[in-house]
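Participant:
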Amino acid sequence: MSEKKTTSSQPELPDNITETAAGETISPAQDLYRHVNGQWLASHEIPADRAVDGTFHQLRDQSEKDVRAIVEAQPADSQIGALYSSFMDEEGIEAAGLAPLDADLAGINTAADIRELAIEL
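Counting with UniProt numbering, you get residues 1 to 121 for the letters of the sequence shown.
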C-alpha cells in the first residue's frame, strides 16, 4: 500500500482509505468510532438472520459460495464429489440412522469402568 505523492500541503489518502465512510457531523474527538464509521452505520442494514455484519462476514459468505461452486463442479465419482454427494444424501443419512456409529458406540457401551472408557475414547 503506497501513499500517493502530492504537491499540496495536504497528503492524499492511500488508495484503500476513503473519506466517504466518515461521519462528518461527529468530530473524532467526540466519538472516533462514529466519526470513522458513521456513514456505513447509517446506510448499512444488518441482515435479519444475523446479529452482526461487516466486511469479514461478507468475505466468509463469498468464500462459502466459492467453495460450494468448486465442490459442485467436481464429477460425482471424484473423492471430493463422492464426499459431497454422501453428505447431501439426506434420505440415505436418515435411513441409516445411527447404524454407522454402532461399532464406535459398542466399545463405549461395554466399558466396565472409567479407565476402559478413557481408553476407548
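Even glycine gets a Cβ: it sits at the ideal position worked out from N, Cα and C.
What is the rounded straight-line gap between the Cα of VAL67 and the Cα of SER85?
Facilitator: So the alpha carbons of these two residues sit roughly 15 Å apart.
Participant: Straight-line CA distance for PRO28 to HIS57?
Facilitator: Rounded to whole angstroms, PRO28 to HIS57 spans 26 Å at the Cα level.
Participant: Is there a Cβ of chain C sitting closer than 9 Å to that of ILE70, yes or no?
Facilitator: Chain labels in this structure do not include chain C; a single protein chain is all it has.
Participant: Please give me, in chain order, every unbroken run of the alpha helix (DSSP H) with length at least 4 that falls completely inside the region 14-79.
Facilitator: Counting only runs of 4 or more, we get 32-43 and 55-72.
Participant: For GLY97, which three-state DSSP category applies?
Facilitator: Three-state result, GLY97: coil.
Participant: Between LEU98 and ILE108, which are expected to be in contact by the criterion C-beta below 8 Å, what is the C-beta distance as a whole number of angstroms?
Facilitator: Wrong, their Cβ atoms sit about 12 Å apart, outside the cutoff.
Participant: In whole angstroms, what separates the C-alpha of GLU90 from that of HIS35?
Facilitator: Taking the straight line joining both Cα atoms gives about 49 Å.
Participant: Between which two residues does the alpha helix (DSSP H) harbouring GLU116 extend?
Facilitator: 114-120 is the span of the alpha helix (DSSP H), which, as asked, contains GLU116.
Participant: Less than 6 Å between C-beta atoms, sequence neighbours within five positions excluded: which residues of the same chain meet that for ALA111?
Facilitator: Closer than 6 Å at Cβ, skipping near neighbours: LEU117 and GLU120.
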